[in-house]
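Asker:
Number of protein chains: 2
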Amino acid sequence: MAATIKDIAKATGLGLATISSYLNGGNVREKNRIRIEQAIEELHFEVNEVARGLKTNRTRSIGILIPELNNIFCAEIITEAEEVLRRQGYAAMICDCRTDAHREKEAIDFLLHRRVDGLLMIPSGETGASVQRFLRAKKPVVLIDRKIRNLDCDCVLVDNKGAVKDAVNRLITAGHREIGIIAGPEEMYTAQERLYGYEQALAKARIPIRDSLMVRGDYTIRGGMKAMRELIQKNTDLSAVLVSNYEMTLGSVIELHELGVQIPEELSLIGFDNVEFARASTPRLSIVTQPTKEIGKKAAELMLLRLQEDTVSGKKQKLRLKTGFVEGNSVRDIKREESLERTKE
Amino acid sequence: MAATIKDIAKATGLGLATISSYLNGGNVREKNRIRIEQAIEELHFEVNEVARGLKTNRTRSIGILIPELNNIFCAEIITEAEEVLRRQGYAAMICDCRTDAHREKEAIDFLLHRRVDGLLMIPSGETGASVQRFLRAKKPVVLIDRKIRNLDCDCVLVDNKGAVKDAVNRLITAGHREIGIIAGPEEMYTAQERLYGYEQALAKARIPIRDSLMVRGDYTIRGGMKAMRELIQKNTDLSAVLVSNYEMTLGSVIELHELGVQIPEELSLIGFDNVEFARASTPRLSIVTQPTKEIGKKAAELMLLRLQEDTVSGKKQKLRLKTGFVEGNSVRDIKREESLERTKE
DNA sequence: GAACAAAACCGAAACGTTTCGGTTTTAAAG
DNA sequence: CTTTAAAACCGAAACGTTTCGGTTTTGTTC
Numbered sequence: 234m235a236a237t238i239k240d241i242a243k244a245t246g247l248g249l250a251t252i253s254s255y256l257n258g259g260n261v262r263e264k265n266r267i268r269i270e271q272a273i274e275e276l277h278f279e280v281n282e283v284a285r286g287l288k289t290n291r292t293r294s295i296g297i298l299i300p301e302l303n304n305i306f307c308a309e310i311i312t313e314a315e316e317v318l319r320r321q322g323y324a325a326m327i328c329d330c331r332t333d334a335h336r337e338k339e340a341i342d343f344l345l346h347r348r349v350d351g352l353l354m355i356p357s358g359e360t361g362a363s364v365q366r367f368l369r370a371k372k373p374v375v376l377i378d379r380k381i382r383n384l385d386c387d388c389v390l391v392d393n394k395g396a397v398k399d400a401v402n403r404l405i406t407a408g409h410r411e412i413g414i415i416a417g418p419e420e421m422y423t424a425q426e427r428l429y430g431y432e433q434a435l436a437k438a439r440i441p442i443r444d445s446l447m448v449r450g451d452y453t454i455r456g457g458m459k460a461m462r463e464l465i466q467k468n469t470d471l472s473a474v475l476v477s478n479y480e481m482t483l484g485s486v487i488e489l490h491e492l493g494v495q496i497p498e499e500l501s502l503i504g505f506d507n508v509e510f511a512r513a514s515t516p517r518l519s520i521v522t523q524p525t526k527e528i529g530k531k532a533a534e535l536m537l538l539r540l541q542e543d544t545v546s547g548k549k550q551k552l553r554l555k556t557g558f559v560e561g562n563s564v565r566d567i568k569r570e571e572s573l574e575r576t577k578e
Numbered sequence: 234m235a236a237t238i239k240d241i242a243k244a245t246g247l248g249l250a251t252i253s254s255y256l257n258g259g260n261v262r263e264k265n266r267i268r269i270e271q272a273i274e275e276l277h278f279e280v281n282e283v284a285r286g287l288k289t290n291r292t293r294s295i296g297i298l299i300p301e302l303n304n305i306f307c308a309e310i311i312t313e314a315e316e317v318l319r320r321q322g323y324a325a326m327i328c329d330c331r332t333d334a335h336r337e338k339e340a341i342d343f344l345l346h347r348r349v350d351g352l353l354m355i356p357s358g359e360t361g362a363s364v365q366r367f368l369r370a371k372k373p374v375v376l377i378d379r380k381i382r383n384l385d386c387d388c389v390l391v392d393n394k395g396a397v398k399d400a401v402n403r404l405i406t407a408g409h410r411e412i413g414i415i416a417g418p419e420e421m422y423t424a425q426e427r428l429y430g431y432e433q434a435l436a437k438a439r440i441p442i443r444d445s446l447m448v449r450g451d452y453t454i455r456g457g458m459k460a461m462r463e464l465i466q467k468n469t470d471l472s473a474v475l476v477s478n479y480e481m482t483l484g485s486v487i488e489l490h491e492l493g494v495q496i497p498e499e500l501s502l503i504g505f506d507n508v509e510f511a512r513a514s515t516p517r518l519s520i521v522t523q524p525t526k527e528i529g530k531k532a533a534e535l536m537l538l539r540l541q542e543d544t545v546s547g548k549k550q551k552l553r554l555k556t557g558f559v560e561g562n563s564v565r566d567i568k569r570e571e572s573l574e575r576t577k578e
């Protein structure tokens, strides 16, 4: 049905190789250029990327594997990455593995079969082995947000430890001592780093670290609700909580809301990620923000770089991006209240 | 590098066609089956989907074109659709056109070049012409959430009019008369239907329709903020507002929050979509919900159906799914208050 | 206008499958 | 054991490109 390169050759009286050369940016005599363009126009020719892919062994498509599309953090990153990739002619094959290690593995197989040129991935399981197969096939892999043990490839990370340290410091500065954290799953890279940041901040301020103040959630809304309830039950003197991702922040707010706990009068809260949600909350939430757009952009750019230098070997880049902080009214400033109290006397 | 079907043929002593037949589910003698499977195992053979695609003229991939990945409504639909498609072996090539008609057109071209087998799309511009090219190529198109004028293809819609009518009725039943609406862009199909539902509900209750009570936003957070401000300025007697999508609901809440308007004491609000957000708001928001999972699932299933019957002709299906309503505390029940008042006397 | 280098052009072969039409093998029936 | 229908098997050709090595054309210089 659709016209092929052969049709264009026939129509113009030129050779196959010439048309191909033209299509790939080669030089062609002016009059031939005109003839070719005319024929393409008339016959509605469009190069068949599939055939091209077979011949060149490059599909110009990138596999994107993420734990959850329906997650604002992932979605923002992917949006940006997809745009950067497509602008360079690369298609994004997106697979959502629902934070399930088994599905993640399946998806990697799937993408390998489809012969994508590279893999952009926010890991959720410990799938080092599967990912290795990409590297063995000399196809670049860029990891986002999380490293995978024993896997040497480019990655774009965030300064999780620093971010949490900074947030906890703000709580300490405001006079809080009984600071809880809703951390993520134990095996999760970001969760480990964030918890570590929490411990470091407390240690530096010489505040004893209590197990009862550290509760783990599973990065879901429901998990956040449960963790917050647990934290409150276990610690009658709880004065502030840091919640270490967006979904759990949402869950925490819902739970506090349902328990009738006032923010920040009865409990101070610092959340994570979603600026708009923070702004729409009552009171406005103070949150740690991650540079999602930049993460996506950098990851895609790293991928493109590897793709064009087409050497998967060489020193791998480990980017570490800075987080931000958006101030709200969800943290009670005990220090200030005390000093006001004192001046009053 | 990677093993091909030829290598398997050589290793097993069987013919090319036999291997191909085996790979495609054909019958093979038991002993040969074993030999083939062994050879596949040993040589790490994986069928090359690109070559297969060239030969069969089917890439087993579906283009998914949406206005904004980073939008919970879209993301939920796509998550579901992608899962259904992939389970049947179809890859999803996702393109985000940022609600931009020009980019949307580009993306359609892009997907056509990639020879996707079909197009799943939440339209944002009036790109009938571009989409036609898919149909001309005998490739199925399934529209989601919006129709496109003069384009006859399957679509999965939502009962927008009914949803808004129902929501407005609830406001009326609660005793509200000065009901505003923050509607979507004029050219938007869903926006038209929703506005129409609003008008019908008012008309039926014999409440005069006032222009000042109908404000349009652009379906963004910022647009919602602006629209809410306008609505309040224009209508001093405003008693309730219906906001017709999630982003604008978020914007409205932010704006009310910043203006210090109390919900529902000073203003009643009904929002759209995001259940979790509604639950986390203070007070809990009453919202209209859309069956996003079902939309995604149905759309993907419709696509698969068309794909396997491989006749794009025939009667097109127009599915119309029911919306839901989640009750919160953001609507003041004036009627009830009045009757309480009366019994008190 | 002859000589020459550079630029443009050319067709065949190859990429890894599926499919067509035909041949061989199997096993059931006589 | 022979016949026969069905099942299994087979290789060549084709899908639409790119690329290799080689040929022709162009235009500059003498």
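Residue numbers (our numbering), protein chains in the order written: chain A, 234 to 578; chain B, 234 to 578. The beta carbon of each residue, even a glycine, is placed where N, CA and C say it ideally should be.
(1) Give, in chain order, every residue of the region 496-527 of chain B whose Cβ lies closer than 8 Å to some Cβ of chain A.
(2) Short of 7 Å Cβ to Cβ, which residues in the region 466-490 of chain A face chain B?
(3) Quick one: list the residues of chain A neighbouring B/D329, beta-carbon separation under 8 Å, in chain order.
(4) Going by DSSP in three states, A/R512 sits in which element: helix, strand or coil?
(5) For B/M326, return the contacting residues in chain A, with the cut-off set at a CB-CB distance below 9 Å.
(6) Within 7 Å of any Cβ in chain B, is that where the Cβ of A/E270 sits?
(7) Identify whether A/I252 lies in helix, strand or coil by the three-state DSSP scheme.
(8) Anything in chain B within Cβ reach of A/E279, meaning under 8 Å, just list it in chain order.
(9) Return the chain-ordered list of same chain residues with a C-beta closer than 8 Å to the C-beta of A/Q433, the five sequence neighbours on each side being excluded.
(10) Would the beta-carbon of B/F278 fall within 7 Å of that of B/I241?
(11) Let me see if you follow: with CB-CB separation under 7 Å, is B/V283 close to chain A or not?
(12) Around the Cβ of A/Q466, are there at least 16 other Cβ atoms within 10 angstroms (buried) or fewer (exposed)?
(13) Along the chain, where does the beta strand (DSSP E) containing A/D329 start, and where does it finish?
(14) For A/L302, which residues in chain B fall below 8 Å Cβ to Cβ?
(15) Going by C-alpha to C-alpha distance, which of B/N402, B/E426, B/I381 sits closest to B/S477?
(16) Using Cβ-Cβ distances below 8 Å, what residues of the region 446-459 of chain A are close to chain B?
(17) Output yes if chain A places a C-beta closer than 7 Å to the C-beta of B/L404; else output no.
(18) Listing by chain order, which chain A residues have their CB less than 7 Å from the CB of B/G286?
(19) If A/V559 and A/L475 are in contact, beta carbons under 8 Å, what's the gap, nearest whole angstrom?
(20) On the three-state DSSP scale, how would you describe B/R291?
(21) According to DSSP, is B/E549 part of a helix, a strand, or is it coil?
(22) What are the boundary residues of the beta strand (DSSP E) that A/D342 is part of?
(23) How far does the beta strand (DSSP E) with B/G557 in it reach, from first residue to last?
(24) For A/A236, which of helix, strand or coil comes out of DSSP?
(25) Are the region 527-543 of chain B and the region 480-499 of chain B in contact at 8 Å, needing three or more beta carbon pairs?
(26) Okay, do the region 328-343 of chain A and the region 382-394 of chain A touch, 3+ Cβ pairs below 8 Å being the bar?
(27) Under 8 Å by Cβ, that's how I've got A/I480 and A/G504 pegged, so tell me the actual separation to the nearest angstrom.
(28) Buried or exposed: A/I269, going by 16 or more other Cβ atoms within 10 Å of its Cβ?
(29) Buried or exposed, going by whether 16 or more other CB atoms sit within 10 Å of the CB of B/P300?
(30) Could you tell me if B/E313 is buried or exposed, where buried requires 16 or more neighbouring beta carbons within 10 angstroms of its beta carbon?
(31) Check whether the Cβ atoms of A/S363 and A/I327 sit closer than 7 Å, and answer yes or no.
(32) So who's on the other strand from B/F505, going by DSSP bridges?
(33) Starting from B/M447, follow the alpha helix (DSSP H) in both directions and report where the run begins and ends.
(34) Which complete alpha helix (DSSP H) runs does the region 363-408 of chain B hold, if anything under 4 residues is left out?
(35) Using the beta-carbon of each residue, which ones in chain A are nearer than 8 Å to B/R565?
Answerer: If we stick to the structure as given:
(1) Hits within the stretch, in order: E509, F510, R512, A513, S514, T515, R517.
(2) Answer set for the region 466-490 of chain A: L483, V486, I487, H490.
(3) Sequence index remark: in the second sequence, residue 329 of chain B carries index 96 (1-based). The contacting residues are T312, E315, E316.
(4) As a first step, residue 512 of chain A must be located in the first sequence, where it is residue number 279. In the three-state scheme derived from DSSP, where H, G and I count as helix and E and B as strand, A/R512 is classed as helix.
(5) Residue numbering aside, residue 326 of chain B sits at position 93 when the second sequence is read from its first letter. Under a criterion of Cβ atoms nearer than 9 Å, the residues of chain A adjacent to B/M326 are, in order, S294, A324, A325, M326, I327.
(6) The count along the first sequence starts at 1 and reaches residue 270 of chain A at position 37. For A/E270, the answer is no, since every Cβ of chain B falls outside 7 Å of its Cβ.
(7) One-based indexing of the first sequence puts residue 252 of chain A at position 19. When secondary structure is reduced to three states using DSSP, A/I252 falls in the helix class.
(8) In the first sequence, the residue the question calls residue 279 of chain A occupies position 46. Listed along chain B are L345, H346, each with a C-beta nearer than 8 Å to that of A/E279.
(9) For the purposes of this step, residue 433 of chain A is taken as the residue at position 200 of the first sequence. Excluding positions up to five away in sequence, the list reads K394, K398.
(10) Within the second sequence, the letter at position 45 stands for residue 278 of chain B. Within the second sequence, the letter at position 8 stands for residue 241 of chain B. Between B/F278 and B/I241, the CB-CB gap stays under 7 Å.
(11) Working through the second sequence from its first residue, we reach residue 283 of chain B at position 50. Cβ-Cβ to chain A under 7 Å: yes for B/V283.
(12) In the first sequence, the residue the question calls residue 466 of chain A occupies position 233. With fewer than 16 Cβ atoms within 10 Å of its Cβ, A/Q466 is classed as exposed.
(13) Within the first sequence, numbered from 1, the residue matching residue 329 of chain A stands at position 96. Residues 324-329.
(14) Residue numbering aside, residue 302 of chain A sits at position 69 when the first sequence is read from its first letter. Neighbours of A/L302 on chain B, chain order: L302, A308, I311, T312, E315.
(15) Looking up residue 477 of chain B in the second sequence gives position 244. Put simply, of B/N402, B/E426, B/I381 the residue whose alpha carbon is nearest the alpha carbon of B/S477 is B/E426.
(16) Result list: I454.
(17) What you label residue 404 of chain B is simply residue 171 of the second sequence in a count that begins at 1. Using a Cβ-Cβ cut-off of 7 Å, B/L404 does not count as an interface residue toward chain A, since no Cβ of chain A sits closer than that to its own.
(18) Counting from one through the second sequence, the residue named residue 286 of chain B turns up at place 53. Neighbours of B/G286 on chain A, chain order: V283.
(19) For the purposes of this step, residue 559 of chain A is identified with residue 326 of the first sequence, where counting begins at 1. For the purposes of this step, residue 475 of chain A is identified with residue 242 of the first sequence, where counting begins at 1. At roughly 14 Å, the Cβ-Cβ gap does not stay under 8 Å, so A/V559 and A/L475 are not in contact.
(20) Along the second sequence, read from residue 1 onward, the residue named residue 291 of chain B stands at position 58. Assigned with DSSP and collapsed to three states, B/R291 falls in coil, not helix or strand.
(21) By 1-based counting over the second sequence, the position of residue 549 of chain B is 316. Before going further, note that residue 549 of chain B is Lys rather than Glu in the sequence given. Residue state, collapsed to three classes: coil.
(22) Counted from its first residue, the first sequence places residue 342 of chain A at position 109. That residue, A/D342, is in no beta strand (DSSP E); its alpha helix (DSSP H) goes 334-346.
(23) Here the question's residue 557 of chain B lines up with position 324 in the second sequence. First-last of the beta strand (DSSP E) with B/G557: 557-559.
(24) Counted from its first residue, the first sequence places residue 236 of chain A at position 3. Residue state, collapsed to three classes: coil.
(25) No: the two stretches stay apart, fewer than three of their Cβ pairs being nearer than 8 Å.
(26) In short, these stretches do not touch, since the Cβ pair count stays below three.
(27) Position 247 of the first sequence, counted from the start, is the residue given in the question as residue 480 of chain A. Position 271 of the first sequence, counted from the start, is the residue given in the question as residue 504 of chain A. For the sequence presented, residue 480 of chain A should be read as Glu rather than Ile. The Cβ separation is near 10 Å, so there is no contact.
(28) If you number the first sequence from 1, residue 269 of chain A lands on position 36. So A/I269 ends up on the buried side.
(29) Here residue 300 of chain B refers to the residue found at position 67 of the second sequence. Under this definition B/P300 is a buried residue.
(30) Here residue 313 of chain B refers to the residue found at position 80 when the second sequence is read from its first residue. Buried is the call here.
(31) Within the first sequence, the letter at position 130 stands for residue 363 of chain A. Within the first sequence, the letter at position 94 stands for residue 327 of chain A. No; because the gap between Cβ atoms is not below 7 Å, this pair is not in contact.
(32) Counting from one through the second sequence, the residue named residue 505 of chain B turns up at place 272. For B/F505, DSSP records a beta bridge to B/V521.
(33) Looking up residue 447 of chain B in the second sequence gives position 214. Element bounds for B/M447: not the alpha helix (DSSP H) but the beta strand (DSSP E), 447-449.
(34) Counting whole runs of 4 or more residues, the region 363-408 of chain B contains the alpha helix (DSSP H) stretches 393-406.
(35) Here residue 565 of chain B refers to the residue found at position 332 when the second sequence is read from its first residue. By Cβ distance, chain A contributes nothing, its closest Cβ being about 17 Å from B/R565, past 8 Å.
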